[in-house]
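Step one of this worksheet: look at the structure below.
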Amino acid sequence: MSTTLSEPIPEPADARNGGEDPLLAPGRTCWRVEPARRMACLVDADDYFRAVHAALAKARHQILLIGWDFDTRMAFGPETAARAGTADRLGPYLDRLVAARPGLRAHVLKWDFSMIFALEREMIPVFVIDWMSNPRVSFRVDGRHPRGASHHQKLVVVDDRVAFCGGLDLTARRWDTRRHLDDDPGRVDPGGAPYAPFHDAAMAVDGAAAAAIGTLARERWRRATGETLAPPPPVGPEEPDAWPDVVPSLREVGIGIARTDPEHEGRPEVREVEALYLEAIRRARRSIYLETQYFTCERVADAIAARLAEPDGPEVVVIGPHRCSGWLEEEVMGPKRQKILRRLRARDRHGRFRLLVPVTARGTPKNVHAKIAVIDDRLLRIGSANLNNRSMGLDTECDLAVEAVPGTAREAATRRVVAGLRDDLLAEHLGRTAAEVGRSLEETGSLVATIEALGEALGGGADAAGRPRLLPLEILEPAGDCGGGPGEENEIEGLLVDSPLIDPERPVRAEDLTRMLLPDHDEARPHRRFLLAAGALVLLAGALLALWRFTPLSAFADVDAILGWAEGLAAMGPAGMLLTIGLFVAGSCAMFPVTVMIAVTAIALGPLAGFATALAGSVLAAAILFALGRFGGRDLVRRFGGRTVNRISRRLGQGGILTVAVLRVMPVAPFTVVNLVAGASHLRFTHFVVGTLVGMTPGVLAFSLFGGQLERALRDPAPATVAVAVLLGAAAIGLGWIANRLFGPRGTAQRKDGEAA
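When we follow numbering that gives the first Met the number 0, the leftmost residue of the sequence shown carries the number 0, and every step to the right adds one.
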């Protein structure tokens, strides 16, 4: 019998047999606690991809794949790719499975990220992949989320009999073994390019726990597509076991399912992920072990700081990456992590906190993408939620948790598994065995002392034994870059750390922008009319944005709704192009989505004229909005903007062309807002225009070359038309690769090396 997402699920009977209250409390720290016959922890993608590949092969009725990203070119591993060739990559593999079983259907749903986020990912649009796939393989994108949010859950469900949840997407640049070799020939992307060692984890479950995750996945599909999927039929006795060839970590165990789901379209927000973290940290006794891609969550940091201040509180060990994967991510999240580290160091009077970076035997940092928490030997959680603000309230997330509930029959066995996984993870990072870690913990009674004792070269340098190691992350002292005194935050932190637009924990609303733009009371006391004027401008921009988003005007922001009207402009020839450029200016001033204007222009005017018109219109609109910001707001910002806005202004002025270009490739605010604030800043007009031109060209060109041909392919799906679309898609991918080389981490590093030389 299926259940709705709102139905409370009672605790297992043995969770109420006395002892301390469980951490997993349905309706508060989790959605449901459901029994699983088997649970397995899968560390790193080699094990995870093998298990998913095997489980998919046993599907009979329904495959549900929910993710932040998917790449149909992804191989399940070097061995399967060598054995089956391209037929065993994700897309062809799904086609082959459903073709062999008439009753099987596969549903693939990923976050509808903007084209500008696709430089390192598969750039063939999902609707083309869906059209070219088997009719019983459905590819869809999910754009039903608040502005600035993402769908971040990573779920695989097979017939509601086996389910996977964790930090791993079925996409490129994820595969690695637990050895994390420096030179692994199998660790290459679909184009053959190598990438850094990658560390992550997932959990596999079956039974009622798997069926509950299937319910969650089908609800996501319904929200995104409007299509209601029926649960798969009950399992018949003749059907083989769907569990992959994986040794279970536990049998007959309760699985807690914790979610984050933002308030949107009338649904109340769900913050079970955050609630479980805060409660588990509050009740930890000896140790808190965390692995996380980001470490910027204010509430979690406050909870940890409170425990560190206690004389007999728990030790806290956080495993994270040395740097974020891209230049912009590092600029955004790096300073926030540093600020939190400085705060925790100040509260760590008893030396119980460590933030460590795992490196290979040669000292290459591993890309830590895992989201793992082990609290004492009591709670284990693996999922998609990072320790950043947005994972607590803005993005959709899903974590699975196992608890050794005090006073229950399964308490002792569960404690052994929870502690064993923590020891196993530390052994992987230290080049030891789990038994060695366990013995050291028994001898020292301390997680920190064990890491230092087994690490040998904790302070840096090559390990004589050739083992991987855990190195402490350097905590940087703040320093003013523009006349700031000692102890003041530098300009990059002023730009990013204090902005409500960066790593928000809830959807950003108009009042958040108002608070950002209005001054600090201790720095300036402007005349009331200036405050009213600034507030009115911000509220007007927010109101215009809301009109296009939440009122019947949203129908006019849809490509299909205005395509016929735009084609009328194309029939006007050059006059239509000029009028379209003017409409870019007018639409941008009215907060109309610029990506919709670019897409419609590309489809209506064709590749060449569409590219020239859309790029000219975008740059002209940006320049005019810049001028409006400069003319009407520069003095206002300088005099009354407060510390945050003045730091943004100085940083933009220093960053120049590169800063603007990267903001265009990875925008942190609406197009109109960025232009107005840039105009009110210290940024040079020529730097702004050139940076806008450079940053917007890849996305506009991809839309123009690819969008017009795709529209014709959808209307007339002849083989020749589709072939041209594929060729243009390859050209767009090449363009994205070039842009990524220029503005990605490698290009940035090369420029810095050149400047240093």
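Note that beta-carbon positions come from the ideal geometry of N, C-alpha and C, so glycine has one too.
Taking the straight line between their C-alpha atoms, what separation do you get for D759 and A369?
Residue 759 is absent from the structure shown; the chain starts at 0 and stops at 756.
Which runs of the beta strand (DSSP E) at least 3 residues long sit entirely within the segment 34-65? Give them in chain order.
With a minimum length of 3 residues, no continuous beta strand (DSSP E) run stays inside the segment 34-65.
Where does E490 sit, in a helix, a strand or coil, going by DSSP?
The predicted model places E490 with a pLDDT of 45, which falls under 50 and marks its position as unreliable, so this point remains unresolved.
Does the segment 392-404 come close enough to the segment 224-243 that 3 or more CB-CB pairs lie under 8 Å?
Here the segment 224-243 makes no contact with the segment 392-404; the two share fewer than three CB pairs at distances below 8 Å.
Straight-line Cα distance separating F687 from S617:
Taking the Cα positions, S617 is about 13 Å away from F687.
I371 versus A35, W30, V42, R36, residue with shortest Cα-Cα distance:
Comparing Cα positions, the closest option is V42.
Neighbourhood of E19 by C-beta distance below 7 Å, restricted to the same chain and skipping five residues each side
Scanning its chain for C-beta atoms nearer than 7 Å, with the 5 sequence neighbours on each side dropped, one finds around E19 the residues P405, in chain order.
Under a Cβ-count criterion, where at least 16 other Cβ atoms within 10 Å of its own Cβ denotes burial, should P261 be classed as buried or exposed?
Buried, because 16 or more other Cβ atoms sit within 10 Å of the Cβ of P261.
In this structure, how does DSSP classify S703 when only helix, strand and coil are distinguished?
It is helical.
For the beta strand (DSSP E) containing D205, list its first residue and its last residue.
200-205 is the extent of the beta strand (DSSP E) around D205.
Along the alpha helix (DSSP H) that carries Y276, what are the first and last residues, could you check?
Where Y276 is concerned, the enclosing alpha helix (DSSP H) stretches over 271-282.
Between which two residues does the alpha helix (DSSP H) carrying G575 extend?
DSSP places G575 in the uninterrupted alpha helix (DSSP H) bounded by 573-588.
Taking contact to mean at least 3 C-beta pairs separated by less than 8 Å, is the segment 39-56 in contact with the segment 157-166?
Yes, they touch.
Just verifying my parser: in three-state terms, what is the DSSP assignment at N387?
Three-state result, N387: coil.
Rounded to whole angstroms, what is the Cα-Cα separation between D199 and F583?
So the alpha carbons of these two residues sit roughly 43 Å apart.
Measuring from the CB of L167, is there a heavy atom of the ligand ZN at a distance below 8 Å?
Among the components modelled here there is no ligand, and therefore nothing to report on the ligand ZN.
On the three-pair Cβ rule with 8 Å, is the segment 338-353 touching the segment 246-258?
Segments in contact, no.
Do the CB positions of T71 and P91 come within less than 9 Å of each other?
T71 is a Cβ neighbour of P91, given a cutoff of 9 Å.
F75, buried or exposed, once every other Cβ within 10 Å from all chains shown has been counted against 16:
Buried, since its Cβ has 16 or more Cβ neighbours within 10 Å.
What's the call for A608, buried or exposed, on a 16-neighbour Cβ count within 10 Å?
Counting Cβ neighbours within 10 Å, A608 comes out buried, since at least 16 surround it.
Which of the three DSSP states, helix, strand or coil, is assigned to D480?
Residue confidence for D480 is low, a pLDDT of 41 falling below 50, so the modelled location carries little weight and cannot support an answer.
DSSP beta-bridge partners for F352?
Looking at the DSSP output, F352 sits in a beta bridge with V315.
From the DSSP output, which residues share a beta bridge with C29?
DSSP lists P25 as partners of C29.
Whose C-alpha, out of P334, P320, S445, A283, is nearest the C-alpha of R377?
Minimum Cα distance to R377 is reached at A283.
Distance, Cα to Cα, Y276 vs A56?
Y276 and A56: Cα-Cα distance of roughly 35 Å.
Candidates P34, E435, G678, V317, of which the one nearest I339 by Cα:
Checking every option, the nearest Cα to that of I339 belongs to V317.
Between which two residues does the beta strand (DSSP E) carrying H106 extend?
According to the DSSP assignment, H106 belongs to the beta strand (DSSP E) that extends over 104-110.
I need the straight-line Cα distance from A748 to L215, nearest angstrom please.
Because the pLDDT of A748 is 42, which lies under 50, any placement of that residue in the model is unreliable, and the number read from its coordinates should be weighed accordingly. When rounded, the distance between both Cα atoms is 42 Å.
Any idea which residues DSSP pairs Y288 with across the strands?
DSSP lists V316, V373 as partners of Y288.
Considering I450, what are the terminal residues of the alpha helix (DSSP H) in which it resides?
From DSSP, the alpha helix (DSSP H) with I450 extends over 446-454.
Return the bridge partner residues of T395 from the DSSP annotation.
According to DSSP, which records beta bridges pairwise, T395 is partnered with H150.
Just tell me which of R146, F294, H106 has its CA closest to the CA of L343.
Residue F294 is the option with its Cα nearest to L343.
For R146 and V593, what's the separation of their Cα atoms in angstroms?
Their Cα atoms are separated by approximately 14 Å.
Three-state secondary structure (DSSP) of D423:
DSSP, reduced to helix, strand and coil, places D423 within a helical segment of the structure shown.
Would DSSP call N133 helix, strand or coil?
If DSSP states are grouped into helix, strand and coil, N133 belongs with coil.
Throw me the rounded Cβ distance for the Y47 and L180 pair, which I believe falls under 8 Å.
Their Cβ separation, rounded to whole angstroms, is 18 Å, which puts Y47 and L180 out of contact at 8 Å.
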